[in-house]
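Trainee: I have a structure I would like to understand better, so I am pasting it below and will then ask my questions one at a time.
Number of protein chains: 2
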Amino acid sequence: MSSEQTPETGGKSLFSLQRRERLMEELRAHGAITVRDIAVKLGVSELTIRRDVNTLADEGLVSRVHGGATLPSPLDRSVAVGRPSAHSYSVGMVVPSLDYYWPQVISGARGEAEAQNLRILVRGSAYDAADNRRQVQALLDTQNIDGLIVAPDMGGERGKELLRWLNALPIPVILAERRAPSEIPAHRLEWVATDHSFGAGMAVRHLWQEGHRMIGCLTDSTSPTSPHVVRGWKQALAALKIPLEKSIHEDSAKLDNGDRAKHFDHVLDLCRSTGTTAMLVHSDTQAVAFVQHCVDRGVDVPGSMAIVGYDDEVAYLAEPAISAVRPPKSYVGKVAVQLMAARLAEGRMRPVHRIDLNPELIVRESSVGAPRGLAGVVLEDSL
Amino acid sequence: MSSEQTPETGGKSLFSLQRRERLMEELRAHGAITVRDIAVKLGVSELTIRRDVNTLADEGLVSRVHGGATLPSPLDRSVAVGRPSAHSYSVGMVVPSLDYYWPQVISGARGEAEAQNLRILVRGSAYDAADNRRQVQALLDTQNIDGLIVAPDMGGERGKELLRWLNALPIPVILAERRAPSEIPAHRLEWVATDHSFGAGMAVRHLWQEGHRMIGCLTDSTSPTSPHVVRGWKQALAALKIPLEKSIHEDSAKLDNGDRAKHFDHVLDLCRSTGTTAMLVHSDTQAVAFVQHCVDRGVDVPGSMAIVGYDDEVAYLAEPAISAVRPPKSYVGKVAVQLMAARLAEGRMRPVHRIDLNPELIVRESSVGAPRGLAGVVLEDSL
DNA sequence: TCTAAAACATTCAAGATCGAACAAATGAGA
DNA sequence: TCTCATTTGTTCGATCTTGAATGTTTTAGA
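From first to last, the protein sequence lines stand for chains Y and W.
Position one of the first sequence corresponds to residue 405 (the working numbering), numbered consecutively onward.
Position one of the second sequence corresponds to residue 405 (the working numbering), numbered consecutively onward.
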């Protein structure tokens, strides 16, 4: 074959940088290269390739071996020794609220950051993609950020666009309490998120075990976690063969106090007519309000109506104390920082990690004991 | 298999560094090696292996024994210098194969175990729930296990029963490359698994970007990972709006050599009639066979048929070298041990972690360049 | 304890690879 | 266009890696 001599470069010589890039490509494809093969392939002398290999080896990008080069190996003493990486990094953190939920996440992150010798720069944002991006950009511009932990708003096309932008940033990005949907190929994004769906399922199964056979769900559709809670509730119903179409699913997101009371009465009516004896209530603040309403209406909790709150900020304050699903907020922050530290230390070779954390079910008084049913209870004047 | 003499490097010789890496891998996978076995396996003389062992022993990475080498042992006077070596915990590990896939997982686990000062006890099992349970029970009975890493068979009712049993064990249990289905409430089980579905999607999107518009899938239905690969393939097709019902999905699991050739011809016929110009082939061994078949039939790879293999054990040996999705096997083991160490250290307060790792796409020659189509290619006599 | 087989160390040689020195070519800037 | 700095190529002796040959040590079994 006459063409055997022809290098693939088609006669044009490459600059050394391009050549080294090619060399690394071959290396990534085959794991190892011989000086001879590459020299022939690129149409340059072996000595040139050897010099390239030396350069790359000095930067720690390859391991030199007699006859060629391999991907950096831990057995290669030249790279193995000099990497204690005492270098300290700065990590930006953008969260959608500094009042609710996120303080504990931040606190977990700060604690771990201290252990990992990282600096954390926190910025609050709104539940809004445009503002998320503004805040991230501000961190990138003014601070010297080595990595980013962020909980972006993912609604609509703007959310997807934001995710694509985050995925393309030159620094590692870790989502907190968010997951990129699989249809957008954010192949570099890592995340750590609570499995709210699992948490909801746990609550439903707990209520089932206490003897409840119709279990409803009250949600707050304004919260980003709400869809996951609903999904978990539905899956659990399906697994327990509770008919979904007969089960109560109400939303009292945007109601003010007066309307809320009316809505709660409506819910109690529905419970009575469907035989529902237990409710999963998303956001424990709302659960507190609902329990209060039940007590006001003479509905015994948990006797006539068992309640599990989703989230555990204030659930213990109610009378009776409310059982609640508690997301591992501080661990979300902690694990995010662990991921970031490992990513910064290990670089690209480390595979993308995506972590689910399970919440915990805290059983208090509002959900224990067999159901007595609501049938005999009359609103307005019980007994 | 033609001859057991054939080294598995397929004739390509390795550099010394790669050989030593392989040696360490075998060592971590099996605990001990004989000079002879490795020499045969890598196709070099025993003397060479002995020299490698000496080199590694000088660095304290192995302990020399008559006939081979073992992992560094505290009994070995030459390494006994600065070792606290009081193993805090023992972790059992039960995997379904010691020949395929799992050696690298075990190697990663052992490497991390050393860093975490844990002891790992490995047992091979069959791809069978009953045997899994037997092996776990044996570890529980005879060794003093503080934790368990296991890759159980999850098929059928027996698989579910096994998971429930594992979930109820008094020690922490971590699944490797397995996920408990959400319908069984294994609320204590943690896991680390490769997101094969993501990997398949990555391959499809890569082929799409290279210009392919009909992308088929060849699977091996006997493998537990196969369903995930197929799911990822289907999802990616849907996302790219490739009609699933017109796309090729064939299985050549239980075919012997002659039938396989026929089946491959059948597949090529289908490709021609559907306009399919690219295939995702599960298990890279099968991908190698398929590429070989294409070359034999005068079908140009990648010009007329682009191929991406799933898994990356031997893909680089084919001619042309096959692009492949590479699961992060050693990280699966490594992360499992990290999870276990943290669990043993922190106890019940730590939330349950469930980790997905993304595979990597290694682009080689078999998938690059725009498709030319199969239309003009005639089987049996090209040109 | 003794013996045979296997494993090991040592030496040497062949072949390949490497690197120093110098020459030639190339590209950027005056 | 010319010059200088940088990159690349050639030559050749030095160095590295591997394997065969040979003698010594270790191991397992009688």
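Beta carbons are placed, not taken as given, at the ideal position from N, Cα and C, and that holds for glycine.
Run the CB neighbour count on asparagine 762(W), radius 10 Å, all protein chains shown included, and call it buried at 16 or more, exposed below.
Mentor: Along the second sequence, read from residue 1 onward, the residue named residue 762(W) stands at position 358. The residue in question, asparagine 762(W), is buried, as its Cβ has 16 or more Cβ neighbours within 10 Å.
Trainee: Output, in chain order, the set of chain W residues within a Cβ distance shorter than 7 Å of glutamine 639(Y).
Mentor: In the first sequence, counting from the first residue as 1, residue 639(Y) sits at position 235. What glutamine 639(Y) touches in chain W: Ser586.
Trainee: Report the rounded CA-to-CA distance for glutamate 430(Y) versus proline 556(W), giving the unit in angstroms.
Mentor: By one-based count along the first sequence, residue 430(Y) stands at place 26. By one-based count along the second sequence, residue 556(W) stands at place 152. Between glutamate 430(Y) and proline 556(W), the C-alpha separation is close to 37 Å.
Trainee: With DSSP run on the structure shown, which of helix, strand or coil describes arginine 768(Y)?
Mentor: Within the first sequence, numbered from 1, the residue matching residue 768(Y) stands at position 364. It is coil, neither helix nor strand.
Trainee: Residues in the stretch 725–748 of chain Y with C-beta within 8 Å of chain W's C-beta atoms, listed in sequence order?
Mentor: Under the 8 Å Cβ criterion, the stretch 725–748 of chain Y contributes Pro732, Tyr735, Val739.
Trainee: Contact between the stretch 521–532 of chain Y and the stretch 494–501 of chain Y: three or more CB pairs below 8 Å?
Mentor: Contact between the stretch 521–532 of chain Y and the stretch 494–501 of chain Y is present, because at least three Cβ pairs lie under 8 Å.
Trainee: Buried or exposed for phenylalanine 419(Y), going by 16 or more other Cβ atoms inside 10 Å?
Mentor: In the first sequence, counting from the first residue as 1, residue 419(Y) sits at position 15. Classification of phenylalanine 419(Y): exposed, given that the 10 Å Cβ count is below 16.
Trainee: With DSSP run on the structure shown, which of helix, strand or coil describes serine 511(W)?
Mentor: Reading the second sequence from its first residue, position 107 is the one you call residue 511(W). Helix at serine 511(W).
Trainee: In angstroms with no decimal places, state the Cα-to-Cα distance between aspartate 673(W) and histidine 632(W).
Mentor: For the purposes of this step, residue 673(W) is taken as residue 269 along the second sequence, with counting starting at 1. For the purposes of this step, residue 632(W) is taken as residue 228 along the second sequence, with counting starting at 1. Using only the alpha carbons, I get a separation of about 26 Å.
Trainee: Using only CA atoms, which one of Arg423(W), Asp669(W), Met558(W) lies nearest to lysine 445(W)?
Mentor: Taking the second sequence and counting its residues from 1, one reaches residue 445(W) at position 41. Cα-wise, what sits closest to lysine 445(W) is Arg423(W).
Trainee: Taking the Cβ atom as the reference point for each residue, do valine 466(W) and alanine 580(W) lie within a distance shorter than 9 Å?
Mentor: Position 62 of the second sequence, counted from the first residue, corresponds to residue 466(W). Position 176 of the second sequence, counted from the first residue, corresponds to residue 580(W). No, the Cβ-Cβ distance between valine 466(W) and alanine 580(W) is not below 9 Å.
Trainee: Check this for me: beta carbons of methionine 558(Y) and arginine 538(Y), under 9 Å apart or not?
Mentor: What you label residue 558(Y) is simply residue 154 of the first sequence in a count that begins at 1. What you label residue 538(Y) is simply residue 134 of the first sequence in a count that begins at 1. No, they are not a contact pair.
Trainee: Using a C-beta to C-beta distance shorter than 7 Å, which residues of chain W count as neighbours of alanine 433(Y)?
Mentor: Looking up residue 433(Y) in the first sequence gives position 29. Within chain W, the residues near alanine 433(Y) are Ala725, Ile766, Val767, Arg768.
Trainee: Less than 9 Å between the beta carbons of glutamate 717(Y) and tyrosine 531(Y), yes or no?
Mentor: Walking along the first sequence from the start, residue 717(Y) turns up at place 313. Walking along the first sequence from the start, residue 531(Y) turns up at place 127. For glutamate 717(Y) and tyrosine 531(Y), no; Cβs fall outside 9 Å.
Trainee: Can you give the Cα-Cα distance for leucine 475(Y) and arginine 454(W), rounded to whole angstroms?
Mentor: The sequence position of residue 475(Y) within the first sequence is 71, counting from 1. The sequence position of residue 454(W) within the second sequence is 50, counting from 1. Taking the straight line from one Cα to the other gives about 24 Å.
Trainee: Only counting the same chain, and skipping five residues up and downstream in sequence, which positions put a Cβ closer than 7 Å to that of alanine 710(W)?
Mentor: Reading the second sequence from its first residue, position 306 is the one you call residue 710(W). Around alanine 710(W): Leu611, Glu614, His616, Thr681, Ala682, Ser770, Ser771, Pro775.
Trainee: Determine whether the Cβ of asparagine 571(Y) lies closer than 9 Å to any Cβ atom of chain W.
Mentor: The residue given as residue 571(Y) occupies position 167 in the first sequence. Not closer than 9 Å to any Cβ of chain W, the Cβ of asparagine 571(Y) fails to qualify, so no.
Trainee: For methionine 428(W), would you say it is in contact with chain Y, using Cβ-to-Cβ distances shorter than 9 Å as the test?
Mentor: Sequence index remark: in the second sequence, residue 428(W) carries index 24 (1-based). Judged by the 9 Å Cβ criterion, methionine 428(W) is in contact with chain Y.
Trainee: What span of residues does the alpha helix (DSSP H) with aspartate 760(Y) cover, start to end?
Mentor: For the purposes of this step, residue 760(Y) is identified with residue 356 of the first sequence, where counting begins at 1. First-last for aspartate 760(Y): 757–761, but that is the beta strand (DSSP E), not the alpha helix (DSSP H).
Trainee: Name the chain W residues that come within less than 7 Å of threonine 474(Y), Cβ to Cβ?
Mentor: By 1-based counting over the first sequence, the position of residue 474(Y) is 70. Within chain W, the residues near threonine 474(Y) are Phe419, Leu421, Gln422.
Trainee: When you compare the CB positions of glutamate 654(W) and glycine 605(W), do they come within less than 9 Å of one another, or not?
Mentor: Counting from one through the second sequence, the residue named residue 654(W) turns up at place 250. Counting from one through the second sequence, the residue named residue 605(W) turns up at place 201. Not closer than 9 Å, so no.
Trainee: Output, in chain order, the set of chain Y residues within a Cβ distance shorter than 7 Å of methionine 606(W).
Mentor: In the second sequence, the residue the question calls residue 606(W) occupies position 202. Those within 7 Å of methionine 606(W) in chain Y are His591.
Trainee: Where does threonine 546(W) fall in DSSP's three states?
Mentor: In the second sequence, residue 546(W) corresponds to position 142, counting from 1. Threonine 546(W): helix per DSSP, three-state reduction.
Trainee: Could you work out which residue in Leu765(W), Leu427(W), Leu748(W), Arg426(W) is closest to glutamate 594(W) when comparing CA atoms only?
Mentor: The count along the second sequence starts at 1 and reaches residue 594(W) at position 190. Comparing Cα-Cα distances from glutamate 594(W) to each of Leu765(W), Leu427(W), Leu748(W), Arg426(W), the minimum goes to Leu748(W).
Trainee: Mind pulling the chain Y residues with CB within less than 9 Å of isoleucine 759(W)?
Mentor: As a position in the second sequence, residue 759(W) is number 355, starting the count at 1. Correct list: His757, Arg758, Ile759, Asp760.
Trainee: Any chance the CB of valine 695(Y) is under 8 Å from a heavy atom of the ligand SAM?
Mentor: As far as ligands go, the structure on display features none, and thus does not contain the ligand SAM.
Trainee: Do you know how far the Cα of methionine 744(Y) is from the Cα of glutamate 587(Y)?
Mentor: Looking up residue 587(Y) in the first sequence gives position 183. Looking up residue 744(Y) in the first sequence gives position 340. Glutamate 587(Y) and methionine 744(Y): Cα-Cα distance of roughly 24 Å.
Trainee: If I measure Cβ to Cβ from serine 529(W) and keep anything under 6 Å in the same chain, skipping five residues before and after, which residues do I get?
Mentor: Here residue 529(W) is taken as the residue at index 125 of the second sequence, counted from 1. The residues are Val498, Pro500, Asp535, Asn536, Gln539.
Trainee: Identify which residue in Gly447(Y), Thr452(Y), Ser511(Y), Ala542(Y) has its Cα closest to the Cα of valine 741(Y).
Mentor: Sequence index remark: in the first sequence, residue 741(Y) carries index 337 (1-based). Out of Gly447(Y), Thr452(Y), Ser511(Y), Ala542(Y), Ser511(Y) has the C-alpha closest to the C-alpha of valine 741(Y).
Trainee: Can you tell me the Cα-Cα spacing of leucine 641(Y) and alanine 693(W), whole angstroms?
Mentor: Here the question's residue 641(Y) lines up with position 237 in the first sequence. Here the question's residue 693(W) lines up with position 289 in the second sequence. Spanning the two alpha carbons is a distance of roughly 47 Å.
Trainee: In terms of DSSP beta bridges, what is threonine 680(W) paired with?
Mentor: Here residue 680(W) refers to the residue found at position 276 of the second sequence. Answer by DSSP bridge pairing: none, since threonine 680(W) is not bridged.
Trainee: Does the beta-carbon of aspartate 660(Y) have 16 or more other beta-carbons within 10 angstroms, so that it is buried, or is it exposed?
Mentor: Numbered from 1 along the first sequence, position 256 holds the residue referred to as residue 660(Y). Exposed.
Trainee: CA-CA distance, valine 729(W) and valine 767(W)?
Mentor: Locating residue 729(W) in the second sequence gives position 325, counting from the first residue. Locating residue 767(W) in the second sequence gives position 363, counting from the first residue. Whole-angstrom Cα-Cα distance: 9 Å.
Trainee: Residue range of the alpha helix (DSSP H) that valine 444(Y) falls in?
Mentor: Numbered from its first residue, the first sequence carries residue 444(Y) at position 40. Per DSSP, valine 444(Y) belongs to the alpha helix (DSSP H) from 439–446.
Trainee: Name, in chain order, the residues that DSSP records as bridge partners for cysteine 698(W).
Mentor: Start at 1 with the first residue of the second sequence, and residue 698(W) comes out as number 294. In DSSP, cysteine 698(W) forms no bridge with anything.
Trainee: Closest Cβ-Cβ distance between threonine 410(Y) and chain W: below 9 Å?
Mentor: Here residue 410(Y) corresponds to residue number 6 of the first sequence, with the count starting at 1. Below a pLDDT of 50, predicted positions are generally treated as unreliable, and threonine 410(Y), at 43, falls in that range; no measurement from the model is reported.
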